[in-house]
Structures are given as C-alpha cells and as structure tokens.
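**Q** Chains A and B supply the protein sequences, listed in that same order. If you read the first sequence in our numbering, its first letter stands for residue 14, the second for the next number, and so on. If you read the second sequence in our numbering, its first letter stands for residue 48, the second for the next number, and so on. Quick one: the structure is below, and I'll ask about it shortly.
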Amino acid sequence: MKIHIKNGRLVDPKNAHDGRADLYLAAGKIVGVGEAPADFHANRVIDAAGCVVCPGLVDLSVRLREPGYEYKATLESEMLAAAAGGVTSLACPPDTDPPLDEPGLTEMLKFRARNLPGPRVYPIGAMTQKLEGTRLTEMAELNEAGCLAFSQADVALTDSQVLLRAMEYAATFDYSLWLRPQDAFLSRGGVAHDGPVAARLGLPGIPTLAETVALSTILLLARETGVRVHLRRLSARESIAMVRAAKLQGVRVSCDTTIQNLHLSEMDLLGFDSHYHLQPPLRSLADRDALREALKDGSIDALCSDHTPLDEDDKQMPFGESAPGASAVELLLPLALKWAREMAVPLSQALDLVTWKPAQVLGIDAGHLSLGAPADLCVFDPEAEWTVSPALLRSQGKNTPFLGQRLQGRVRYTVIDGHLDYEA
Amino acid sequence: MVDPQLTPQGKLRHLLTLDGLPAAMLRQILDTAESFMDVGERDVKKVPLLRGKSIFNLFFEPSTRTRTTFEIAAKRLSADVVNLNIATSSQTKGETILDTVANLTAMHADMFIVRHGQSGAAHFIARHVAPHISVINAGDGRHAHPTQGLLDMFTIRRYKGGFQNLRVAVVGDVLHSRVARSQISALTTLGVPEVRVVAPKTLLPPGVEQLGVHLFYDMREGIRDCDVIIMLRLQNERMKGARLPSAHEYFKQYGLTAAKLARAKPDAIVMHPGPMNRGVEIDSEVADGPQSVILPQVTYGIAVRMAVMAMLAGGGGD
Numbered sequence: 014m015k016i017h018i019k020n021g022r023l024v025d026p027k028n029a030h031d032g033r034a035d036l037y038l039a040a041g042k043i044v045g046v047g048e049a050p051a052d053f054h055a056n057r058v059i060d061a062a063g064c065v066v067c068p069g070l071v072d073l074s075v076r077l078r079e080p081g082y083e084y085k086a087t088l089e090s091e092m093l094a095a096a097a098g099g100v101t102s103l104a105c106p107p108d109t110d111p112p113l114d115e116p117g118l119t120e121m122l123k124f125r126a127r128n129l130p131g132p133r134v135y136p137i138g139a140m141t142q143k144l145e146g147t148r149l150t151e152m153a154e155l156n157e158a159g160c161l162a163f164s165q166a167d168v169a170l171t172d173s174q175v176l177l178r179a180m181e182y183a184a185t186f187d188y189s190l191w192l193r194p195q196d197a198f199l200s201r202g203g204v205a206h207d208g209p210v211a212a213r214l215g216l217p218g219i220p221t222l223a224e225t226v227a228l229s230t231i232l233l234l235a236r237e238t239g240v241r242v243h244l245r246r247l248s249a250r251e252s253i254a255m256v257r258a259a260k261l262q263g264v265r266v267s268c269d270t271t272i273q274n275l276h277l278s279e280m281d282l283l284g285f286d287s288h289y290h291l292q293p294p295l296r297s298l299a300d301r302d303a304l305r306e307a308l309k310d311g312s313i314d315a316l317c318s319d320h321t322p323l324d325e326d327d328k329q330m331p332f333g334e335s336a337p338g339a340s341a342v343e344l345l346l347p348l349a350l351k352w353a354r355e356m357a358v359p360l361s362q363a364l365d366l367v368t369w370k371p372a373q374v375l376g377i378d379a380g381h382l383s384l385g386a387p388a389d390l391c392v393f394d395p396e397a398e399w400t401v402s403p404a405l406l407r408s409q410g411k412n413t414p415f416l417g418q419r420l421q422g423r424v425r426y427t428v429i430d431g432h433l434d435y436e437a
Numbered sequence: 048m049v050d051p052q053l054t055p056q057g058k059l060r061h062l063l064t065l066d067g068l069p070a071a072m073l074r075q076i077l078d079t080a081e082s083f084m085d086v087g088e089r090d091v092k093k094v095p096l097l098r099g100k101s102i103f104n105l106f107f108e109p110s111t112r113t114r115t116t117f118e119i120a121a122k123r124l125s126a127d128v129v130n131l132n133i134a135t136s137s138q139t140k141g142e143t144i145l146d147t148v149a150n151l152t153a154m155h156a157d158m159f160i161v162r163h164g165q166s167g168a169a170h171f172i173a174r175h176v177a178p179h180i181s182v183i184n185a186g187d188g189r190h191a192h193p194t195q196g197l198l199d200m201f202t203i204r205r206y207k208g209g210f211q212n213l214r215v216a217v218v219g220d221v222l223h224s225r226v227a228r229s230q231i232s233a234l235t236t237l238g239v240p241e242v243r244v245v246a247p248k249t250l251l252p253p254g255v256e257q258l259g260v261h262l263f264y265d266m267r268e269g270i271r272d273c274d275v276i277i278m279l280r281l282q283n284e285r286m287k288g289a290r291l292p293s294a295h296e297y298f299k300q301y302g303l304t305a306a307k308l309a310r311a312k313p314d315a316i317v318m319h320p321g322p323m324n325r326g327v328e329i330d331s332e333v334a335d336g337p338q339s340v341i342l343p344q345v346t347y348g349i350a351v352r353m354a355v356m357a358m359l360a361g362g363g364g365d
C-alpha cells in the first residue's frame, strides 16, 4: 500500500522539522519527505490540510488486560482505542493474570497483538517470578521473546536485597528496569495523597514519603550497580529534584509521569468521585505544578497515559473501595496539547514527549519521520474540539476523571507499519 | 463545585457533612431541634410530620446507639422505620451497595439513613438515589457524622448559651474520628474563636491545622482554661497499628481525670460521643461527675435527628 499524505503541517521533533511538507509511504516505510520518490503512484491520498502530521505516539504504560482480565477489556478493544488515540507503539506492564514472567506468555501476547490491527505491542517482562518479589525471572529468555525491559508493575518489592540482585543481573545484560517508587509499608491502606484534602475527607493517606523513600533506595542501588532504570509515574515535586540530582551524578535514570497527575490534584477529590482514585494518588497543586514545569524543562523524559481500563463495577463504589486507575490512552494526545497551550510550550516540544523521547526510553526505532523510518504516524486536527463521553471512547473502560471535559485535538488518521489502521 | 446536599434554592436536600453548610443553616437546624424538645416529655410522644413516610436505616457497620436514636426520632415524627443491618445480610452475599439501594427504592423508600465504614459512602449513595429520596449520613468511615456534630453543638448552646466566647478542646484520636471532623467543622462555622485539638502526633492527620484548629500535644496545656472538653473514643486497634504503645500509657497522657479537668474553667462541661472506654480516654469519676453532660447529649440527639428529618421532608424549619 502506497500512501501520499498531502498539505499537512509536518511536525517531527527528532529532526527539528515543523512546516508544511508532504509525506510518502510505501512498504511500511517512509520513502519521501517533502518530495515524492521517482515513480511513486499512491493507492491512497490523504488530504491533511489544516491538520498536523506527526510521528505515531509511543505510550509507555498501557494495560491491555490480556491475559486474565478480559472482562475489563480485551486486546482487540484496547488496541483499537490506542490506534484511535494516535498511538502506534505501546509498552504494557506485566501485571496480567498470570503475570508476564514466562517467554511463552509474552510470545503469545505479541503473536495475538500482531494479528490484530493497532499499535506495535512491547510487553514489559516481570522482574520477579509471579511478581512475588522473591525469585528473578529468566530475563535473557524473556528478552529473546521480546521483552525490552523488566518491571514489578505496581506490585511493591519489599525485599531490597532482591532489588539489588535484580539490578545486578539486569546490568549484566544491560537490560533496563522500569520501577515505580512506592514503599509498601508507608503506603499501606492509603487511597489518597496524605494532605489537607484527605485530612478533611477522612481518607487514609499515601504520604509523599512513600514515593521518596522508595525512590531514594532505587537511586542509591542504581548508582551502585550501574543498571539502567526508568522511573514510572512520578507524582511528587521532591521526586523530581532527587532524579535531577541523580542524573547529574551520572546515574543512568529516566522518568515519566501521567496525564492525570499533570492536570489534576487532590482538590479534585472533594466530591468523593471514585474516578479520581488513582495510583499514584493525585497530589497537591504544588506537586502538580512541579510536574508541569519538570516536563517543560526536560527533567521528566516522557509523558504516558497509564491506561487502566476498568469495568463499571470497579468504580461504582465508595472512593476507598473502588479500584484505582483511569482509562486514558485516547486522551494522551489532547491532554499533552492542553498542557502545551497552558504552559506556552511549542507544539513540537509537546509532541517530543509522547513520540521521540518515550521511543528512546523504550529503545525502539520509532517516534520520528526520517526517510527510511517505519511508517508509523498520526494525523490530527489540532483545533477540533470534542467532549469526552463514554460513547466517544473506544476503550472498553469508560473510567476517566475527564468525562464531560471539552478537549482540543482529535486524531483523524493513524498509520501503523504503512497500514491505515484508524480513520475518523 | 456544586454542594450535593443543597437544592438550587439553598435548602437541605441530603445531610452528608457539616463541611460547607452555612452558619445560618446550622442555627436553623438547632432552632428546629429546640422546638422538638418537648415532644419527648409529652404523654403522647408523637407529631404527625412524617406520617406515611418510609425511612430505612441502612447500617453497613454495626451501631446500637445511633441507629436507635434515629429510629426513635423517626417514630416520634410518625414515620415508618425499617432497620437493615447489612453488615450481616445481603452485602456478604455479594450484593453491591447500588443493588441494595435500588431494591429499597423499589419498596418506596423516602429516606435513607446510612452508616458505612468507607469515607464518602453517603456521598456515593446520594449521587445514585432517585430525586425524591433524601440521604442522612449516620457516619461514613473517618469522614463525617453530621448529626452527632449537630447534637454536640446543640448541647454546647444549651449549656453555654452560644458559641462566641468559647474555648473548646477536642481530645484524642482525631485521625480516625468522623465525629471530630464534624465537630471541628461546625465549631469553626458557628464562630467559636478557639478550637483546640489535643492528641499525640500518631493520631493526627497531616495538615490538621488547615481545618482551623490549634494543636496541643500536652493535654495539661491543651485543656487549660477551656469551656468545653470533648473526649473522643479510642479503639483498641490503635495499639496494634503501632500508633500507641498501650492503653495504660494513653490514659496517663491523654485520659481525662479529675486532676487534669481542674485545669479547665471551673464551669467547663465534659462531652463524649459514646460509647466510652472508661479508664482509657476518660476516668469514671469524670464521666459520672457533675461536669459531665454525656447523657443529656444522647437525649438531645433525638431532637436534633427529628429536626434534620423534618427539614429534609420539607415539613419543618421553614
């Protein structure tokens, strides 16, 4: 299939390109930028007038719910949702049932995903068997089966000796560990940021210390072992300063945050709406503002959706009993754009945080529109306004705190591996 | 944000928390309660305000006193009352809260009185009930217990004549106490100039000062020259969760004894929401002493709950 995308504003952060240019795709590759290769006859011409043409989004945290949680969502529904969000590559955490701790399971997931339309799926392997935090998984075997990194997902690792060993072992092969810093004991029983709002509402708290104490352990062990670490979903201002300092010391560390933590705060909990029950918890306005600044100055390397589709019953409960998480993969682009507008950040910088930079974290050839690169891209109308509603979300999970919000930016086309996988 | 417990006209639609209710409305509830005070003293202890209404006591957590006083209050207003102890019935069979609520709605309920172990449970139910049904929060997790807060204000007003020149100390496990949150909210709204909180750091939520209170760790200092001392119940679980070493040490530091009480004003009153742990947070000598108003609190609770129900049903307070 040969595709010609014409009249669009091409924004390619990696190559510092922002301007009107046509794009030519053939055999799953980008074969022309600005001018057509010789003898190019398109099967399909897309008029992108008024639209932005950018690399497909790379989302570092999308739960596809297979295997094990098909009643919450299926691979098919969530891959389609991701494509509708302009996402062309995604990493999925290993907290499936069973967890992704064996090569066979990851191979099966990759195989199933390959045979469905939608993004390229990169499973993150479990770091310990059954995520139990006691025995290491066969990381080399899992790597051969396609796991580019290893993680405990949201399951806390309480034994710091196991963490040290996992780092040493991963460093042996230069695998990256994706860790979410949260101390299991300091966060025990908590459902909300341990601040004045939780004090007022009587919600059991998760103190910032739960994040920073765990983070400090991770950073010290990472410095010692030389392992590559990606910190998932930071939520607190103090964490940013700690990561910044570690980077200056040469610790090989990167980090991300979520669109929820970027736009919401503990103040949103005041009505007890369980859609705001998230992990990490929504923290103070000062924390939120620090995340917004850190993303702007480059201290945070990538923005992710932390897509967690839940079924309705999971949220139809009092706040503290409801399951945490938000369905979010379809909101990654419009909420990145919203942040950029509010912070007066150029479009290209905002797109960098959801394309090229996360591709670097994951270590894949994606997130750019260079000649010869994979034909993974997204065409979106940056002006189009829409209201988030259950009917408009393709994900099986309708659980988002942004329901009812007017957002700007709507995906028109998503091309993955040269195929037009989504068309609005 | 729209307050879910008020109608667009500013009238009471549900009673979920005292947080955010204007002082005028709190006073209106207390005045209405005052007008119901004599009903309990008549030979025929009934007024027909809620005749034909069905009130469901939905208790997801066990309670004797609160449930009983709500029941008496509803019956004095001539309502039909049904008690459901859901902690021991359908919830354990897997029925969700919303299923329970839908079933009771189908039985033509007019009002739900809800107690639940989760903060925000009453808000959650209020969001999902039919428009003609009112919800009264009878205690949700650590969040709020508004009728208890109101009856405490009623008690203070009766004994102290008002709120303007008072120094009030709330002593004990504020962290886990829905009662304390409702009291603090009402006391600050009604204009008490000095609300104190006295507790060890392990029993205080972070940022508690932002609720408008002064913090004291030393009880002898904390209750000095106070007009009102409110003791909170201490549950035995607190010793297991490493918040306190022992009941013995707690009583020594924070238990109200006659010796400590002598530091307060001579006419200070002592309150407790019940049930009391004698010898843990309060000495029997004080609990049964002349400054204790713990039993009148229970009596006033009935009038206050009648007032709230009558106002929600549109029958009183206008």
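Quick reminder that beta carbons are idealized off the backbone N, C-alpha and C, glycines included. A quick note: this is a predicted structure, and the numbers were derived from the prediction, not measured.
So what does DSSP say about B:F298, is it helix, strand or coil?
**A** DSSP places B:F298 in helix when its eight states are reduced to three.
**Q** Hey, A:G218 and A:A227 are a contact pair by Cβ (cut 8 Å); roughly how many whole angstroms apart?
**A** 16 Å between Cβ atoms; not a contact.
**Q** So that I know if they touch, is there some Cβ in chain A lying closer than 8 Å to that of B:P253?
**A** True, the Cβ-Cβ gap to chain A drops below 8 Å.
**Q** Let me know the secondary structure DSSP gives A:T230 once reduced to three states.
**A** A:T230 falls in the helix class under three-state DSSP.
**Q** Do you know offhand how far A:M255's Cα is from A:A49's?
**A** Each residue's alpha carbon lies about 48 Å from the other.
**Q** Along chain E, which residues have their Cβ under 9 Å away from the Cβ of A:R213?
**A** You won't find chain E in this structure, because its protein chains are A and B.
**Q** What residues in the stretch 330 to 346 of chain A have a beta carbon less than 8 Å from any beta carbon of chain B?
**A** If the cut-off is 8 Å between Cβ atoms, the stretch 330 to 346 of chain A has M330, P331, F332, G333 and E334 near chain B.
**Q** Give me the DSSP bridge partner(s) of A:T270.
**A** The partner list for A:T270 (beta bridge, DSSP) reads A:L316.
**Q** Taking beta-carbon pairs under 8 Å, can you tell me which members of the stretch 140 to 174 of chain B lie near chain A?
**A** For the stretch 140 to 174 of chain B, which is checked against every Cβ of chain A, the residues closer than 8 Å are T143, I144, L145, H163, Q165, S166, G167, A168, H170 and F171.
**Q** Within 10 angstroms of its Cβ, does B:L59 collect 16 or more other Cβ (buried), or is it exposed?
**A** It counts as buried.
**Q** By how many angstroms is the C-alpha of B:M358 removed from the C-alpha of B:D365?
**A** In this predicted model, B:D365 has a pLDDT of only 38, less than 50, meaning its place in the structure is not dependable; the value taken from the coordinates is given anyway. So the alpha carbons of these two residues sit roughly 8 Å apart.
**Q** Give, in chain order, every residue of the stretch 275 to 298 of chain A whose Cβ lies closer than 7 Å to some Cβ of chain B.
**A** Those residues of the stretch 275 to 298 of chain A that come within reach of chain B (Cβ to Cβ, closer than 7 Å) are L283, G284 and F285.
**Q** Output the boundary residues of the alpha helix (DSSP H) element that contains A:K19.
**A** Not the alpha helix (DSSP H): A:K19 falls in the beta strand (DSSP E), residues I16 to K19.
**Q** Pick out whichever of B:L77, B:M266 and B:K93 has its Cα sitting closest to the Cα of B:A233.
**A** Answer by Cα proximity: B:L77.
**Q** Considering Cα atoms alone, identify which of B:G188, B:V161, B:A185 and B:Q165 is closest to B:V176.
**A** Ranking B:G188, B:V161, B:A185 and B:Q165 by Cα distance to B:V176 puts B:V161 first.
**Q** Once the 5 residues before and after B:G363 are set aside, which same chain residues still bring their CB inside 7 Å of it?
**A** Caution applies to B:G363, whose pLDDT of 40 falls short of 50 and renders its modelled position unreliable; the value that the coordinates give is listed next. Closer than 7 Å at Cβ, skipping near neighbours: T79, L96, A354 and A357.
**Q** Can you tell me whether B:M154 is buried or exposed? The criterion is at least 16 other CB atoms within 10 Å of its CB, across all chains shown.
**A** Result: exposed.
**Q** Using a C-beta cutoff of 8 Å, does A:L216 count as contacting chain B?
**A** Closer than 8 Å: yes.
**Q** Going along the chain, which residues of its own chain have a beta-carbon closer than 6 Å to the beta-carbon of B:H40, five neighbours each way excluded?
**A** The structure shown does not extend to residue 40 of chain B, since chain B spans only 48 to 365, so no value can be given for it.
**Q** Which residues in chain A have a C-beta closer than 7 Å to the C-beta of B:R225? List them in chain order.
**A** Result: G215.
**Q** So which residues on chain B does A:G41 lean against when the C-beta distance must stay under 8 Å?
**A** Correct list: empty, because the minimum Cβ distance to chain B is about 48 Å.
**Q** If we define contact as Cβ-Cβ less than 8 Å, is A:G208 a contact residue for chain B?
**A** So, interface residue.
**Q** Since A:D326 meets chain B, which of its residues come closer than 8 Å, beta carbon to beta carbon?
**A** Correct list: T143.
**Q** Report all residues from its chain with a CB closer than 8 Å to the CB of A:L304; omit the five preceding and five following residues, and keep chain order.
**A** If we look at A:L304 and ignore the five residues flanking it on each side, its Cβ neighbours are L247, S248, R250, I253, T270, N274, L275 and I313.
**Q** Specify the secondary structure class of A:L444 as computed by DSSP and reduced to three states.
**A** For residue 444 of chain A there is no data in the structure shown, the boundaries of chain A being 14 and 437.
**Q** Return the chain-ordered ranges of every beta strand (DSSP E) run that is complete within the stretch 154 to 221 of chain B and spans a minimum of 3 residues.
**A** Counting only runs of 3 or more, we get 158 to 163, 181 to 187 and 214 to 218.
**Q** For the 8 Å Cβ check, are there 3 or more pairs between the stretch 301 to 317 of chain B and the stretch 271 to 287 of chain B?
**A** Flag = yes, the stretch 301 to 317 of chain B and the stretch 271 to 287 of chain B touch.
**Q** Whole angstroms is fine: what's the gap from A:P80's alpha carbon to A:S408's?
**A** Roughly 17 Å between the two C-alpha positions.
**Q** Looking only at C-alpha atoms, which of B:M286, B:F106 and B:T236 sits nearest to B:L131?
**A** It is B:F106.
**Q** Just checking: is the beta-carbon of A:L149 within a distance shorter than 8 Å of some beta-carbon in chain B?
**A** Not closer than 8 Å to any Cβ of chain B, the Cβ of A:L149 fails to qualify, so no.
**Q** Tell me the residue span of the beta strand (DSSP E) that contains A:Y426.
**A** Unbroken beta strand (DSSP E) run through A:Y426: R419 to I429.
**Q** If we count Cβ pairs, one from each stretch, closer than 8 Å, do we get three or more for the stretch 355 to 366 of chain A versus the stretch 318 to 327 of chain A?
**A** Because the criterion of three Cβ pairs below 8 Å is not met, the stretch 355 to 366 of chain A and the stretch 318 to 327 of chain A do not touch.
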